[in-house]
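Remarks on the structure that follows.
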Amino acid sequence: MTYTPSTYNPYDFANRRHIGPSPSEMEEMLATIGVASLDALIDRTVPMSIRQMSPLTWEPKTEFEVLDHIRKVAGQNKVMTSLIGQGYYGTVTPPAIQRNILENPAWYTAYTPYQPEIAQGRLEALLNFQTMVSDMTGLPVANASLLDEATACAEAMTMAQRVSKSKMTRFFVDENCHAQNIAVMKTRAAPLGIEIIVGAPNELDAAKVFGAIFQYPGTFGDIPDFSAQISALHEAKAVAIMATDLLALTMLKEPGALGADIAVGSAQRFGVPLGFGGPHAAFMSCRDDMKRSMPGRIVGVSVDSRGERAYRLSLQTREQHIRREKATSNVCTAQALLAVMASFYAVFHGPAGLRAIGERVHFNAVRLAEGLRADGFNIAPKAFFDTFTVEVGAMQGVILRSAVAEGINLRKIGKNRIGISVDETTDAQIIEKVWRAFGRDAEVPAAIPAVAVPSKLQRVSEYLTHPIFGMNRAEAEMMRYMRRLADRDLALDRTMIPLGSCTMKLNAAVEMMPITWPEFNALHPYAPADQTEGYSQMIDDLSAKLCEITGYDAMSMQPNSGAQGEYAGLLTIMAYHRANGQGARNICLIPVSAHGTNPASAQMCGMKVVVVKSAANGDIDLDDFRTKAAAAGDRLAACMITYPSTHGVFEESVREVCQITHDHGGQVYLDGANLNALVGLAKPGDIGSDVSHLNLHKTFCIPHGGGGPGMGPIGVKKHLARFLPGAPVDGAPDAEGAVSAATFGSASILPISWAYCMLMGGEGLTQATKVAILNANYIAARLDGAFPVLFKGREGFVAHECIVDPRAICEATDTSVDDIAKRLIDSGFHAPTMSWPVAGTLMIEPTESEPKAELDRFCEAMLSIRAELAQVETGEMPKDNNPLVNAPHTVGDLVADWDRPYSREQGCFPPGAFKVDKYWPPVGRVDNAYGDRNLVCSCPPVESYIEAAE
Ligand SMILES: Cc1ncc(COP(=O)(O)O)c(C=O)c1O
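See the structure below:
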């Protein structure tokens, strides 16, 4: 008998690892849908008029080939010790945090905690972050979190304008702010008509501004006492903002004690790697009376259905983008995972540890400076925390080169100064190397030098006094704390997360591995270009692939979230119009079904939003669009559309919408959040769009991290390329403004998307798109009889997601879509997107990564909920006491007296729930109204912990 080798390819990443359903499962699913083949389904779903004619070109690689290739490219980045500072510092990520949080899918695959019952773990970690920020800055309310320090400064500036009683339109910026902060504030100010005055703090004329921002410590190390300026601002009813550094605040008087109203900064140096610019969590804290104007998310404390303490996102409607064109900020995805890491860093070290780290940094900085002073160098300023500058005259180049030869990057300032910022990783060896670069050969004295912080600016108040920051810090205890919190949450490592528009697809382990390699995560964003060639190669290749996928001609990797991409893309359009002498164009047409960030971003660009209606079938109402475009006429700047639409349908009219916009001189912004339904099948750039953001954290596998990180690069057609965002630091003089603190945004997570593209190959990516559409149609077909599918294409199919409509049955049973969402928790599921884009409905997006068994588990859970609704409808079960209104069921419910008209078994183990691996929500239904009425945004007082333990 001849031996027949297997044709099975175990290394086929696309079909064996990334795509969920097996070929035989796909056959069964197609049979359920009633279509002969996958291609037949695609032909009947995706209009021929938009289909791309040629396939994506590159071949797939195996997992080990990809890792090998990425290693080689990473090897072209030179890992140096960075003493550049300027807002980015070396830090030691405690290995336990790296392994248990950053590398742990239980943490990094979670979604934003909008469903609080299944998110108590990350909500607690984020509350710890808020408490830490609030304590360190001395201001009572903090958020969690913002995109980077520069955008946090810009958010603070616009917040100041909102809360200030001054009628002025000018805003003062301390010239000692980091250059990237000034650059991004300038970008944000221009379209809003805010005039920025950059100057020395002692030149501030408080009566002429609505607010001012000071950097503390300044970019060159100064730590002036800003109390006089702050008092003057308050007298003029203006707002005082301090951009600050959490580690410095272990020794320096906190902004709140100096009278500041708002503090912002980056939590990067609390254990989050440099990452060539990100991702890092920025923070903001403020006075209590300003909290309702704060951008971003605030975690708060409420109670659950049993009166137990429960966390939730407070004032959710305060999340600005929900207010659409009335929004004052578009922050949506931010940097939750990084905020979690920073909060654990604080829990890990506690106040004494942080103080010791702060002092170590300070004393090493003083030792370094004193050594140079002893050799005759002129050091400024006299008082500093960790940063100072050295006057070096014509020796600048030689010293910088000598430092590089020692493996150290110093900061080049002008033509004759060098800046040095000491960090947690700086030791005697590094100090001696720096000295050698300056020509000094000496040993570092062990003696503790005199403190270089004037006594009136030394911190006297305590911080991190809450017991959470005083717990036993043995790694055993810490590991268990991280595990306990992770176990409270439902993330992708336990269940599908069928959130429409969020694309919670697989974040494969192989894609995640490179992000913790030092070649990617230990580079400073402003490191010399000859040290970052690996990054350039990766970014060029990824950009080329994304251009091929989208049909665009150029990419900017700067925006670090989808909403930030929208903002950057619209700015690009506005700059284009200005360059063509059409600066008066400011109207942006946006369909009513658009995501809230679209109108929020448009208004931040100074655009006037005109809302376009939806037709009965969910498509853009073409007549309304035509009328409004014509009415806008030569004031039409852009339209913003999402394709396939947020209703989950490939609209046939998309080319016409683009044409109408172009006919009136406008530009088309196509929101790329749904690109995962297009990759390999259709290209936005070929359909007629001019610019899109790509959510790399959706379509291209960057995990959601419980609410960030994200990356929202924008692709543009050729005519817009020269208007893309410029570099935040040392940009070309004629470049457009920067939108983020770092040129390539959150660069260190780009290897994830790059690896994904290489692993899948063009064909694999296209297959993934097809299977995403198959999975959505399978769910739609299985649920349609029970919950009507709201919108379908011409041939009766949905795109990559579907909206199911329980409104009629909810009305008949006095239940709500919320009850369905909470009941799904009992089955071990994260709910689909609720009430968006249509109130009272559920939008389900399974993604291509879910195998048939998981889709079936979900459908069975949904169908059993429908059966329970029927029991309520027929009166078999009372309206006020049934499994839906009582959901989710906790262990507390199970062991308490059972006064319910259904069994414990039905309540706690509905279809879909695993018998052995049952997920038990740690809290019952969270009371939202209570939480908003009793706003508590930092860790509850000690007594409540004692009560909880009793
Ligand atoms: C259609 C759409 N556009 C834009 C965004 C905003 O993206 P991000 O959350 O990355 O800012 C989202 C986020 O869910 C979205 O669904």
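Per the working numbering, residue 166 is the first one in the sequence shown, and the count goes up by one each step. Beta carbons are placed, not taken as given, at the ideal position from N, Cα and C, and that holds for glycine. A quick note: this is a predicted structure, and the numbers were derived from the prediction, not measured.
ask   = Leaving out five residues before and five after Asp784 in sequence, what residues of the same chain have Cβ atoms less than 6 Å from its Cβ?
value = As a position in the sequence shown, residue 784 is number 619, starting the count at 1. So the list reads Glu816, once near-sequence residues are dropped.
request  = Just the C-alpha distance for Thr482 and Met459, rounded to the nearest angstrom, thanks.
outcome  = Working through the sequence shown from its first residue, we reach residue 482 at position 317. Working through the sequence shown from its first residue, we reach residue 459 at position 294. Only weak support is given to the placement of Thr482: the predicted model assigns it a pLDDT of 48, under 50, and the question is left unresolved by the model.
ask   = Any heavy atom of ligand 1 closer than 7 Å to the CB of Ala689?
value = Translated into positions along the sequence shown, residue 689 becomes position 524. The amino acid at residue 689 is misidentified as Ala; the sequence shows His. His689 Cβ: outside cutoff for every heavy atom of ligand 1.
ask   = Any heavy atom of ligand 1 closer than 7 Å to the Cβ of Ser779?
value = For the purposes of this step, residue 779 is identified with residue 614 of the sequence shown, where counting begins at 1. With a threshold of 7 Å, the Cβ atom of Ser779 does not count as near ligand 1, since no heavy atom of the ligand is closer than that.
task = Would you give the residue range spanned by the beta strand (DSSP E) that Gly376 belongs to?
result = By 1-based counting over the sequence shown, the position of residue 376 is 211. Run containing Gly376: Gly376 to Tyr381, per the beta strand (DSSP E) assignment.
request  = Check the C-beta distance from Ser467 over to Asp1092 and give it rounded, since I have them as a contact under 8 Å.
outcome  = Counted from its first residue, the sequence shown places residue 467 at position 302. Counted from its first residue, the sequence shown places residue 1092 at position 927. Confirmed, about 5 Å.
message = Checking the sheet assignment: what are the DSSP bridge partners for Val775?
response = Indexing the sequence shown from 1 puts residue 775 at position 610. Residue pairing of Val775 in beta bridges, as defined by DSSP: Leu754.
ask   = Is it the case that the Cβ atoms of Met669 and Leu657 are separated by a distance below 8 Å?
value = For the purposes of this step, residue 669 is taken as the residue at position 504 of the sequence shown. For the purposes of this step, residue 657 is taken as the residue at position 492 of the sequence shown. Contact: yes.
inquiry  = Helix, strand or coil, according to DSSP, for Val833 in the structure here?
reply    = Translated into positions along the sequence shown, residue 833 becomes position 668. It is a strand residue.
request  = Measure the CB-CB distance between Ala920 and Val231 and report whether it falls below 8 Å.
outcome  = Residue numbering aside, residue 920 sits at position 755 when the sequence shown is read from its first letter. Residue numbering aside, residue 231 sits at position 66 when the sequence shown is read from its first letter. In contact: Ala920 and Val231 (Cβ atoms closer than 8 Å).
query = Hey, how far is the Cα of Tyr691 from the Cα of His760?
reply = Against the sequence shown, residue 691 aligns to sequence position 526. Against the sequence shown, residue 760 aligns to sequence position 595. Distance between the alpha carbons of Tyr691 and His760 is about 34 Å.
message = Measuring straight from C-alpha to C-alpha, what distance separates Val936 and Met643?
response = As a working note, residue 936 is residue 771 in the sequence shown. As a working note, residue 643 is residue 478 in the sequence shown. Cα-Cα distance, rounded: 41 Å.
inquiry  = Can you list, in chain order, the residues of its chain with a C-beta nearer than 7 Å to that of Cys1104? Leave out the 5 residues immediately preceding and following it.
reply    = The residue you call residue 1104 lines up with position 939 of the sequence shown. Only Leu292, Asn293, Thr296, His631 and Ile633 meet the Cβ criterion.
query = Given a threshold of 16 other Cβ atoms within 10 Å of its Cβ, counted over all protein chains shown, does Asn341 qualify as buried or as exposed?
reply = As a first step, residue 341 must be located in the sequence shown, where it is residue number 176. The residue in question, Asn341, is buried, as its Cβ has 16 or more Cβ neighbours within 10 Å.
message = What would DSSP say about Asp233, mapped onto helix, strand or coil?
response = For the purposes of this step, residue 233 is identified with residue 68 of the sequence shown, where counting begins at 1. Helix at Asp233.
ask   = Are the Cβ atoms of Asn1051 and Val1037 separated by less than 8 Å?
value = Position 886 of the sequence shown, counting from 1, holds the residue named residue 1051. Position 872 of the sequence shown, counting from 1, holds the residue named residue 1037. The criterion of a C-beta distance shorter than 8 Å is not satisfied by Asn1051 and Val1037.
ask   = Are the beta-carbon atoms belonging to Ser857 and Gly734 less than 8 Å from one another?
value = Translated into positions along the sequence shown, residue 857 becomes position 692. Translated into positions along the sequence shown, residue 734 becomes position 569. Yes, they are a contact pair.
request  = Enumerate in chain order the residues of its own chain whose CB-to-CB distance from Gly716 is below 7 Å, with the five nearest sequence positions on each side excluded.
outcome  = Your numbering for residue 716 matches position 551 in the sequence shown. Around Gly716: Lys848, Pro849, Gly850 and Asp851.
query = DSSP on Pro890, reduced to helix/strand/coil?
reply = For the purposes of this step, residue 890 is taken as residue 725 along the sequence shown, with counting starting at 1. Strand, per DSSP.
task = Starting from Val1091, follow its DSSP beta bridges and name the residues at the other end.
result = Here residue 1091 refers to the residue found at position 926 of the sequence shown. According to DSSP, which records beta bridges pairwise, Val1091 is partnered with Asp469.
query = Glu360 bridges to which residues according to DSSP?
reply = Taking the sequence shown and counting its residues from 1, the one referred to as residue 360 is at position 195. Paired residue(s): Arg335.
inquiry  = I'd like the list of long-range same chain contacts for Met302, defined as Cβ closer than 7 Å, with 5 residues on each side in sequence excluded.
reply    = Taking the first residue of the sequence shown as 1, we reach residue 302 at position 137. Here residue 302 is Thr; the residue named in the question, Met, does not match the sequence. Hits under 7 Å: Thr409, Leu414, Glu419, Pro420, Gly421, Ala428 and Ser450.
key: Per DSSP, cross-strand counterpart(s) of Asn242   = The residue you call residue 242 lines up with position 77 of the sequence shown. Assignment of beta-bridge partners to Asn242 by DSSP yields Thr697.
request  = Hey, could you find the ends of the alpha helix (DSSP H) Arg605 is sitting in?
outcome  = What you label residue 605 is simply residue 440 of the sequence shown in a count that begins at 1. Careful: Arg605 lies outside any alpha helix (DSSP H) and carries neither H nor E.
inquiry  = Let's see if you can read the secondary structure: which residues bound the beta strand (DSSP E) around Met407?
reply    = Taking the first residue of the sequence shown as 1, we reach residue 407 at position 242. Val404 to Asp410 is the span of the beta strand (DSSP E), which, as asked, contains Met407.
message = For the pair the stretch 262 to 269 and the stretch 594 to 610, tell me if three or more CB-CB distances fall below 8 Å.
response = no
query = Going by the C-beta, is Thr811 closer than 7 Å to any heavy atom of ligand 1?
reply = Position 646 of the sequence shown holds residue 811. Indeed, a heavy atom of ligand 1 lies less than 7 Å from the Cβ.
The alpha helix (DSSP H) enclosing Met805, as first and last residue numbers = Residue 805 sits at position 640 when you count from the first residue of the sequence shown. It is not in any alpha helix (DSSP H) - Met805 instead sits in the beta strand (DSSP E) that spans Leu801 to Thr807.
ask   = So, do the stretch 554 to 570 and the stretch 429 to 437 have three or more beta carbon pairs nearer to each other than 8 Å?
value = Because the criterion of three Cβ pairs below 8 Å is not met, the stretch 554 to 570 and the stretch 429 to 437 do not touch.
message = Taking 6 Å as the limit between beta carbons, can you name the residues of its chain near Phe549, skipping five residues before and five after?
response = Position 384 of the sequence shown, counting from 1, holds the residue named residue 549. So the qualifying residues of the chain are Gly386 and Ala617.
task = Verify whether the separation of the beta carbon atoms of Cys866 and Glu1010 is less than 8 Å.
result = Taking the first residue of the sequence shown as 1, we reach residue 866 at position 701. Taking the first residue of the sequence shown as 1, we reach residue 1010 at position 845. No, they are not a contact pair.
query = Roughly how far, in whole angstroms, is the beta-carbon of Tyr943 from the beta-carbon of Leu1020, given that I think they are within contact range, below 8 Å?
reply = Numbered from 1 along the sequence shown, position 778 holds the residue referred to as residue 943. Numbered from 1 along the sequence shown, position 855 holds the residue referred to as residue 1020. 6 Å between Cβ atoms; contact.
Those runs of the alpha helix (DSSP H) which lie wholly inside the stretch 655 to 686 and span at least 4 residues = 674 to 677 and 683 to 686
query = Are three or more beta carbon pairs between the stretch 499 to 512 and the stretch 774 to 789 nearer than 8 Å?
reply = Touching, no, given that fewer than three Cβ pairs across the two stretches are closer than 8 Å.
key: Residue from Arg434, Leu357, Thr384 and Ile596 with nearest C-alpha to Pro610   = As a working mapping, residue 610 is identified with position 445 in the sequence shown. The option with the nearest alpha carbon to Pro610 is Ile596.
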